[in-house]
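Chains as they are written, first to last, in my numbering: chain A, 2 to 412; chain B, 2 to 412. We put the beta carbon where it would ideally sit given N, CA and C, even for glycine. Bear in mind the structure is a predicted one, so any value in this text is a computation, not a measurement. Each remark here refers to the structure printed beneath this line.
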């Protein structure tokens with residue numbers, strides 16, 4: 002198939018692009034390299050020495066004999082170029098990773114909130130709009146998040162996108178209706194993904210677009226079969242307080258001899274998936290596209306759930322690292338249960354990789370290998386969900402001071 | 002109270018600003034005059050001779066002795082100015098009209114879809130973000146739409162924003178939950194209002210913002226007690242296929258001797274409210290603000306519901322006008338029932354004006370008075386919900402032709 006991967010240079014995008022190419026698909030990457038720019042902004046870089054995208058695609062061709070095309074393009078702002086590219090390539094599928102994907106980064110400041118909303122809502126809508134205007138019959142595969150459901154304990158496992166509810170009628174009867182699962186976003190980043198869902202529903206209903214929305218768990222791991230083939234293909238590995246995902250942070254902290262940082266009680270339960278499963282699931286979704294008449298197809302792209310402090314203990318047991326409980330910068334429930342269904346992708350042939358199959362050791366080994374590249378000062382989380390109240394002294398000095406800089410950021 | 006009305010130059014904004022001022026509030030209008038610019042774009046102007054905003058506020062002061070301040074500012078793009086204004090004025094309430102409000106205009110072309118999404122999502126989010134960053138404890142009053150619920154027949158009357166549902170549990174038990182009523186937007190414009198709802202939920206929960214979302218019916222009428230006081234205060238009256246609201250279009254068509262244009266079978270049922278009730282409801286919401294802990298307060302701001310063809314018949318009977326059934330440019334159910342609850346605003350003291358109380362005649366008289374300003378060519382609807390398939394000839398000539406111009410727009 003002919004496939005465009007928008008955001009194909011990122012943590013999930015690059016492994017996806019190479020995996021699809023390895024499986025015989027004709028892949029074009031579109032990226033504005035925003036993730037690399039943010040690394041510069043934060044001065045928080047990939048633990049692994051990732052190469053420029055040009056080098057990556059050249060190394061891919063040298064290693065595998067397969068080509069991946071690349072266009073520098075910002076899906077949120079370069080609408081006409083995006084539409085023209087769709088018209089020219091007539092892709093069978095478009096994978097949409099072109100969103101700011103870190104919850105802490107999205108809460109870092111007013112400017113980061115606004116960037117996340119502007120970028121994510123525009124990238125998604127531009128893509129939908131361009132598919133309609135260009136009259137290209139592509140299957141859109143979007144990376145959503147398990148976080149659209151929110152992390153409150155529910156009696157039933159979280160279904161895949163839709164919920165059947167009973168609505169009481171005026172005469173005591175009930176009306177059964179299938180609805181999009183009620184959204185409960187926990188950050189500005191998650192908010193944008195819930196807003197995306199509504200846009201997908203509209204464009205599917207009004208324009209007949211074929212859309213799969215993959216509600217992904219927290220990704221861990223770094224290398225895939227493809228990125229492992231050559232050193233220049235190595236995937237990025239983020240460990241900083243904004244972009245580092247929790248399990249990778251634990252494994253990296255263990256690898257460099259740092260205590261495992263757990264926020265709050267660690268009672269938060271989350272869903273997880275290994276990067277190798279991410280790329281397989283996306284390929285399976287692409288190779289078995291839905292019909293428009295089915296509505297937007299939604300899968301939970303997550304392997305299993307786990308409580309944060311249990312994960313920390315697991316890593317501690319594996320590596321001997323100590324655990325350091327810190328104040329939680331997020332506004333969230335201290336403890337929650339989480340169960341979910343994920344039969345959709347299994348039905349397409351997915352056999353998930355669990356936390357216990359040995360890959361944790363692989364991640365720790367990678368972290369250890371690149372420990373010399375680690376900047377320990379980037380580990381603490383500095384993005385706060387709510388602005389701490391200024392001290393009386395601060396308020397007296399300048400009651401209307403804006404913009405706000407948190408002391409931890411200023412230091 | 003000190004009140005900012007963002008979008009205070011528009012069809013609902015200007016009557017709201019003057020009404021609040023007449024009732025003793027200290028009003029500041031913020032507007033980017035986008036609605037006037039769009040009139041120029043479409044060459045479709047208010048039937049009534051509205052004056053420039055500067056003249057309006059001057060006339061208001063001369064007529065009533067009360068002042069209304071005015072700042073030219075784009076809430077969607079001028080974030081820093083918006084935040085600084087909030088910091089300086091410390092308003093008790095902010096009324097948010099700063100959104101593109103016409104469903105047909107939002108579907109006119111790819112560019113109009115993207116403008117509507119970009120403007121509406123950014124204006125709403127900037128305002129929320131600025132209230133938090135400036136630490137201003139204002140009550141935000143937003144104009145939503147009954148259209149967020151969608152126009153499908155339901156067993157029970159539409160509740161005010163929230164729905165209590167029963168969710169089946171794994172053991173046959175049920176879990177009762179109150180959820181935001183499932184969104185079902187019928188246009189890009191309506192989509193943005195459903196996306197706004199999610200942003201309001203998040204900022205209320207995370208930052209404790211006090212928010213009232215008024216899901217308004219289709220507004221009819223033009224003058225209020227305040228805009229009636231002096232000729233220079235006259236409110237706008239739109240009758241074109243994009244911005245004209247259905248009942249005002251019928252009354253205007255009757256006033257100029259044009260058949261009443263009904264789209265499809267006219268079996269669509271909608272909710273309505275007179276402009277005089279719009280301004281009263283907004284004042285009532287402001288004068289009785291909610292607590293943040295209540296969650297986002299949602300009211301249905303609509304008086305009664307009616308079927309389009311019944312309204313046409315009512316106007317026909319009143320005026321002798323004929324009815325002209327035309328193809329429906331929208332993608333919507335041909336027929337639907339609609340019932341709703343509206344006790345929230347009634348509890349605050351609202352006594353609604355119904356369609357039968359004589360004000361239809363007033364609107365028709367205004368239309369007749371300004372009939373000489375009418376451009377009949379602007380009456381037909383030229384915005385289509387789905388792109389008509391090109392003819393074989395068109396496709397052969399240029400299979401990838403973009404951007405698309407509908408013949409009706411090109412003519």
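Which of helix, strand or coil DSSP assigns to residue i
i, result
"residue 412 of chain B", "Any reading at residue 412 of chain B must be qualified, since the residue scores a pLDDT of 31, below 50, and its modelled position is unreliable; the value itself is stated next. Coil, per DSSP."
"residue 221 of chain B", "strand"
"residue 229 of chain A", "coil"
"residue 264 of chain A", "strand"
"residue 116 of chain B", "helix"
"residue 256 of chain B", "helix"
"residue 278 of chain B", "helix"
"residue 373 of chain B", "helix"
"residue 201 of chain B", "helix"
"residue 91 of chain B", "coil"
"residue 402 of chain B", "Residue confidence is low: residue 402 of chain B scores 39 on pLDDT, short of 50, so the model does not pin down where it sits. No coordinate-derived value is stated."
"residue 41 of chain A", "helix"
"residue 46 of chain A", "coil"
"residue 20 of chain B", "helix"
"residue 184 of chain A", "coil"
"residue 361 of chain B", "helix"
"residue 105 of chain B", "helix"
"residue 190 of chain B", "helix"
"residue 249 of chain B", "helix"
"residue 130 of chain B", "helix"
Per-residue contacts from residue i into chain B (C-beta, under 9 Å)
i, result
"residue 80 of chain A", "111, 112, 115"
Rounded distance between the beta-carbons of residue j and residue i, thought under 8 Å
i, j, result
"residue 76 of chain B", "residue 139 of chain B", "Going by Cβ atoms, the distance from residue 76 of chain B to residue 139 of chain B rounds to 14 Å, so no, they are not a contact pair."
"residue 261 of chain A", "residue 219 of chain A", "Not confirmed; about 15 Å, so no contact."
"residue 387 of chain A", "residue 207 of chain B", "7 Å"
"residue 171 of chain B", "residue 157 of chain A", "5 Å"
"residue 167 of chain A", "residue 166 of chain B", "7 Å"
"residue 215 of chain B", "residue 143 of chain B", "7 Å"
"residue 297 of chain A", "residue 212 of chain A", "5 Å"
Residues that DSSP places opposite residue i in a beta bridge
i, result
"residue 271 of chain A", "A/307"
"residue 211 of chain A", "A/140"
"residue 341 of chain B", "B/159"
"residue 298 of chain A", "A/213"
"residue 167 of chain A", "A/177, B/167"
"residue 3 of chain B", "B/27"
"residue 153 of chain B", "Answer by DSSP bridge pairing: none, since residue 153 of chain B is not bridged."
"residue 69 of chain B", "B/28"
"residue 324 of chain A", "A/261"
"residue 146 of chain B", "B/217"
"residue 97 of chain B", "B/7, B/143"
"residue 336 of chain B", "B/268"
Where residue i meets chain A, residues with beta-carbon distance less than 7 Å
i, result
"residue 1 of chain B", "Since the first residue of chain B shown is 2 and the last is 412, residue 1 of chain B is not available in this structure."
"residue 332 of chain B", "207"
"residue 123 of chain B", "119"
"residue 180 of chain B", "183"
"residue 16 of chain B", "Within chain A, no residue comes near residue 16 of chain B; the closest Cβ sits about 30 Å away, beyond 7 Å."
Chain B contact residues for residue i, given Cβ-Cβ distances below 7 Å
i, result
"residue 208 of chain A", "387"
"residue 28 of chain A", "Chain B residues near residue 28 of chain A: none, gap ~22 Å exceeds 7 Å."
Chain B contact residues for residue i, given Cβ-Cβ distances below 8 Å
i, result
"residue 72 of chain A", "The contacting residues do not exist; residue 72 of chain A stays about 18 Å from chain B at best."
"residue 92 of chain A", "Correct list: empty, because the minimum Cβ distance to chain B is about 14 Å."
"residue 105 of chain A", "Neighbours of residue 105 of chain A on chain B: none; closest Cβ ~14 Å, over 8 Å."
Contact set between residue i and chain A, taken where Cβ atoms lie within less than 8 Å
i, result
"residue 127 of chain B", "115"
Contact set between residue i and chain A, taken where Cβ atoms lie within less than 9 Å
i, result
"residue 156 of chain B", "168, 169, 170, 171, 172, 174, 175, 176"
"residue 381 of chain B", "By Cβ distance, chain A contributes nothing, its closest Cβ being about 21 Å from residue 381 of chain B, past 9 Å."
Residue-level contact to chain D via CB, residue i, 8 Å cutoff
i, result
"residue 263 of chain B", "Going by chain labels, chain D is absent from the structure shown, which instead holds the protein chains A and B."
Short-range partners of chain A found in the region 161-178 of chain B, where Cβ spacing is below 9 Å: 164, 165, 166, 167, 168, 169, 170, 171, 172, 174, 175, 176, 178
Contact set between the region 190-222 of chain B and chain A, restricted to residues whose Cβ is under 7 Å from the partner: 192, 195, 196, 199, 200, 203, 207, 208
Chain B contacts from the region 259-293 of chain A (Cβ-Cβ distance under 9 Å): none
Near-chain B residues of the region 26-53 of chain A (beta-carbon distance less than 8 Å), N- to C-terminal order: none
Near-chain A residues of the region 353-369 of chain B - C-beta to any C-beta below 9 Å: none
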